[in-house]
Amino acid sequence: MPLHVCVVGSGPAGFYVAKKLLKRFDFARVDILERLPAPFGLVRSGVAPDHPETKVVINQFSRTAEDERCRFFGNVCLGTDVSLEELRKIYHVVVLAYGAESDHRLGIPGEDLEGVFSARQFVWWYNGHPDGKDLPINLNNVETAVVLGQGNVALDVARILLRSPSELSSTDIAEHAVKALRTSRIRKVYVVGRRGPVQAACTAKELREILGLKGVEIVINEADLQTTDCDLEELQSSRIHKRVFDLFCKSATFTKCAGRDKQLQFVFFRAPVSLLAAEDGIHVRGVHLQKTRLEGNNPRKLVGTGEFEELDCGLVLKSIGYKSLPVPDLPFDHKKGVVPNYFGRVRSSDATNETERGLYVAGWLKRGPTGIIGTNEVCAQEVVTSIEEDVNRAVVSNLKEVPGSVGLESILSEKNKRYITFEGWERLNETEMEKGAVKGKPREKIVGIDEALAIGLAKEKE
Amino acid sequence: MAKKTRKRWIEVTFVTKEGDRKTIRVPVGMSMLEAAHENDIELEGACEGSLACSTCHVIVKDEKFYRMLKEPSDEENDMLDLAFGLTETSRLGCQVIAKPELNGMELALPAATRNFAVDGHVPKPH
Chain D
1 MPLHVCVVGS
11 GPAGFYVAKK
21 LLKRFDFARV
31 DILERLPAPF
41 GLVRSGVAPD
51 HPETKVVINQ
61 FSRTAEDERC
71 RFFGNVCLGT
81 DVSLEELRKI
91 YHVVVLAYGA
101 ESDHRLGIPG
111 EDLEGVFSAR
121 QFVWWYNGHP
131 DGKDLPINLN
141 NVETAVVLGQ
151 GNVALDVARI
161 LLRSPSELSS
171 TDIAEHAVKA
181 LRTSRIRKVY
191 VVGRRGPVQA
201 ACTAKELREI
211 LGLKGVEIVI
221 NEADLQTTDC
231 DLEELQSSRI
241 HKRVFDLFCK
251 SATFTKCAGR
261 DKQLQFVFFR
271 APVSLLAAED
281 GIHVRGVHLQ
291 KTRLEGNNPR
301 KLVGTGEFEE
311 LDCGLVLKSI
321 GYKSLPVPDL
331 PFDHKKGVVP
341 NYFGRVRSSD
351 ATNETERGLY
361 VAGWLKRGPT
371 GIIGTNEVCA
381 QEVVTSIEED
391 VNRAVVSNLK
401 EVPGSVGLES
411 ILSEKNKRYI
421 TFEGWERLNE
431 TEMEKGAVKG
441 KPREKIVGID
451 EALAIGLAKE
461 KE
Chain V
1 MAKKTRKRWI
11 EVTFVTKEGD
21 RKTIRVPVGM
31 SMLEAAHEND
41 IELEGACEGS
51 LACSTCHVIV
61 KDEKFYRMLK
71 EPSDEENDML
81 DLAFGLTETS
91 RLGCQVIAKP
101 ELNGMELALP
111 AATRNFAVDG
121 HVPKPH
């Protein structure tokens, strides 16, 4: 008898779980739900346009989707189109892998001024995410941008602002974004961290790339590269941080070179206190920062020094972390922004060890918004092992008949909700690649939902 | 007089996460990632050998063979930084290329521990 599984979310978390389930159980039937017309989650909408090799994993995910035991349901949203309660009735196993589509807030004055966005919003905008295309961003009368945070997403957004638009125009960047970047007047980007280069969250590949960016001068205050004994201990115990710190040190010895008309400045030991309004009271005009210091040992504490300074800017991108969104009937830890779980089994609350039968989480919804694409492979292994244990112990009853796909189709047809199959996505994919080829791009992303649906839902030729 | 022929292939043993051993023949010049895939060994290769991920991470069991390998490039080291279960003799399988001196080499696939979420070694950046 088939094991009917529903995976909600078609990013790396969802696809690695689907792949491993299909390998583990010959009798698995896996349906993957995705609220957007196009699959692949952050591989499509998060990975930067100038990082095409990172997107190659899509080939593998496509092979999983093409397995005859796997079905893709695009344009189907958990909550609006089908409830969690309904899914748990019609499938033996439900795995929630819908990631983190919201942001941590700074919680400081001025955060809602115009010209202040989360890095996620900016990334969605340049990556052609359907929900990101109407971002009210104006690059024409801004000369300086401040990025708050120093992780890889912070470097991505800084790099897209500083890379020459002609280089970007041959990538899969959204057309509206490269058009705006061509007339951008941004010449200076600050990337600001509360702590020092020893604690920076970015990794070597991304830092190496941005330090070598053509036409961009790198500015780092040498005093920020001083290390304390505590810093040296931290560096010794972390290969990642040591190699990142070494890169910061090497870049500080670059002298000013001619032919660099843009500047990237790394600012350390500064915490944002407020975002300042221009005279119109509507637009952002600067960031008010407090100098910080690391004190103590194990754990080290970040303290304010009582000294302040300002950075003038017309654009602020907050890159301080993503956050997951709860859905009805789903236990949720609002503080951590994750679903409480025990090796992927959803716990009934964060105060109990009781778990919800047949309900699992994977990816950022399970672990929080950290890690790389490959992290999801290991995470998926853990979740699938839990599912296997539960199936073997008949905790998940695979003797009980449930309708699976047929049940889902019935719910959707009652609502007149049409879904995109994987073949429909392949049609959309072909169309994007054809449109891109004309412009020397790997694809021209179709950003409008209606246009995407029209292509994805078109009846197959007989 | 017998002509000395150069070996066109070497023997490599993969040790899987479960501890199972599989010895395969690898043509000189082929990467370990490609060889694993040709022999149905479950070595992930998300970026298909373009140095944009760390999923083909392998552990060279004998230091003697590890030292025979060409030093990793900055790009490979950048990816190794993020590899799960990194050791002193870790390499990316797509960058280890078969040559005669490596005959008899053993490569272990890193074991994913159940506690990966709590053992402190979670790759934080993304």
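Those protein sequence lines, which keep their order, are chains D and V.
Read left to right, the first sequence gives residues 1 to 462 (the UniProt record's numbering).
Read left to right, the second sequence gives residues 1 to 126 (the UniProt record's numbering).
Just so it is clear, CB atoms sit at the ideal spot from N, CA and C, and this is done for glycine as well.
Would you kindly work out how many angstroms separate the C-alpha atoms of residue i and residue j, rounded to a whole number?
i: L96 (chain D); j: E377 (chain D); result: 15 Å
i: R347 (chain D); j: Q150 (chain D); result: 33 Å
i: L207 (chain D); j: S83 (chain D); result: 42 Å
i: R67 (chain V); j: K205 (chain D); result: 24 Å
i: G358 (chain D); j: V7 (chain D); result: 12 Å
i: R24 (chain D); j: V153 (chain D); result: 34 Å
i: G456 (chain D); j: G368 (chain D); result: 32 Å
i: residue 463 (chain D); j: G215 (chain D); result: This structure gives no information on residue 463 (chain D), because the portion of chain D shown stretches from 1 to 462.
i: F269 (chain D); j: R120 (chain D); result: 24 Å
i: S237 (chain D); j: D246 (chain D); result: 14 Å
i: H92 (chain D); j: D31 (chain D); result: 12 Å
i: P123 (chain V); j: P37 (chain D); result: Per-residue confidence for P123 (chain V) stands at a pLDDT of 36, beneath the threshold of 50, marking its modelled position as unreliable; the derived number appears in the next sentence. Roughly 31 Å separates the two Cα atoms.
i: V43 (chain D); j: V384 (chain D); result: 22 Å
i: V26 (chain V); j: T64 (chain D); result: 27 Å
i: N140 (chain D); j: G314 (chain D); result: 10 Å
i: R105 (chain D); j: G104 (chain V); result: 55 Å
i: R8 (chain V); j: L69 (chain V); result: 18 Å
i: K221 (chain D); j: R194 (chain D); result: The identity of residue 221 (chain D) in the sequence shown is Asn, whereas the question assumes Lys. Looking at the two C-alpha atoms, the distance is approximately 15 Å.
i: F266 (chain D); j: A158 (chain D); result: 11 Å
i: S31 (chain V); j: K99 (chain V); result: 10 Å
i: T255 (chain D); j: V438 (chain D); result: Unreliable positioning characterises T255 (chain D) in this predicted model, as indicated by a pLDDT of 48, which lies under 50. The coordinate reading is nonetheless provided below. Taking the straight line joining both Cα atoms gives about 41 Å.
In this structure, how does DSSP classify residue i when only helix, strand and coil are distinguished?
i: F15 (chain D); result: helix
i: S10 (chain D); result: coil
i: F332 (chain D); result: coil
i: K291 (chain D); result: strand
i: G456 (chain D); result: helix
i: R88 (chain D); result: helix
i: L213 (chain D); result: coil
i: G448 (chain D); result: coil
i: S319 (chain D); result: coil
i: K441 (chain D); result: coil
i: R270 (chain D); result: strand
i: T255 (chain D); result: Any reading at T255 (chain D) is ruled out, since the residue's pLDDT is 48, under 50, leaving its predicted position unreliable.
i: G424 (chain D); result: helix
i: V406 (chain D); result: helix
i: I373 (chain D); result: coil
i: Q226 (chain D); result: coil
i: A351 (chain D); result: coil
i: F343 (chain D); result: coil
Measuring alpha carbon to alpha carbon, tell me which of the options ends up nearest residue i.
i: F84 (chain V); options: D:R195, D:A154 and D:G371; result: D:G371
i: T352 (chain D); options: D:C202, D:P340, D:K335 and D:L22; result: D:P340
i: G14 (chain D); options: D:E409, D:Q381 and D:T421; result: D:Q381
i: R35 (chain D); options: D:I449, D:K459, D:A458 and D:A454; result: D:I449
i: I387 (chain D); options: D:P2, D:K459, D:G11 and D:V17; result: D:V17
i: L264 (chain D); options: D:K435, D:N429, D:K55 and D:E143; result: D:E143
i: M1 (chain D); options: D:W364, D:H334, D:V391 and D:K89; result: D:V391
i: C230 (chain D); options: D:A454, D:D329, D:E86 and D:L294; result: D:L294
i: L325 (chain D); options: D:F422, D:Y98 and D:A180; result: D:Y98
i: D40 (chain V); options: V:F14, V:L51, V:K64 and V:R91; result: V:F14
inquiry  = Could you check whether the region 170-184 of chain D touches the region 45-53 of chain D, counting it as contact only if at least three pairs of C-beta atoms, one from each stretch, sit closer than 8 Å?
reply    = yes
message = Under 8 Å, with one C-beta from each stretch per pair, do the region 58-66 of chain D and the region 285-303 of chain D reach the 3-pair mark?
response = no
ask   = Does the region 40-57 of chain V touch the region 80-94 of chain V, meaning 3 or more C-beta pairs lie closer than 8 Å?
value = yes
query = Per the contact definition of three or more C-beta pairs closer than 8 Å, is the region 221-228 of chain D in contact with the region 176-193 of chain D?
reply = no
request  = Specify whether the region 434-448 of chain D and the region 63-80 of chain D touch according to this definition: at least 3 beta carbon pairs, one from each stretch, less than 8 Å apart.
outcome  = no
request  = Mind listing, in chain order, the continuous alpha helix (DSSP H) runs of no fewer than 4 residues lying wholly within the UniProt domain "2Fe-2S ferredoxin-type" (10-113) of chain V?
outcome  = 32-38, 63-68 and 74-80
ask   = If you pair each beta-carbon of the region 389-403 of chain D with each one of the region 123-142 of chain D, do three or more pairs fall below 8 Å?
value = no
In chain order, each alpha helix (DSSP H) run of at least 4 residues that lies wholly inside the region 8-70 of chain D = 12-24, 41-45 and 58-65
inquiry  = Which complete beta strand (DSSP E) runs does the region 119-202 of chain D hold, if anything under 3 residues is left out?
reply    = 144-148 and 188-192
task = Report yes or no: do three or more beta-carbon pairs, one from the region 62-82 of chain V and one from the region 9-26 of chain V, lie closer than 8 Å?
result = no
message = Could you check whether the region 72-83 of chain D touches the region 105-116 of chain D, counting it as contact only if at least three pairs of C-beta atoms, one from each stretch, sit closer than 8 Å?
response = no
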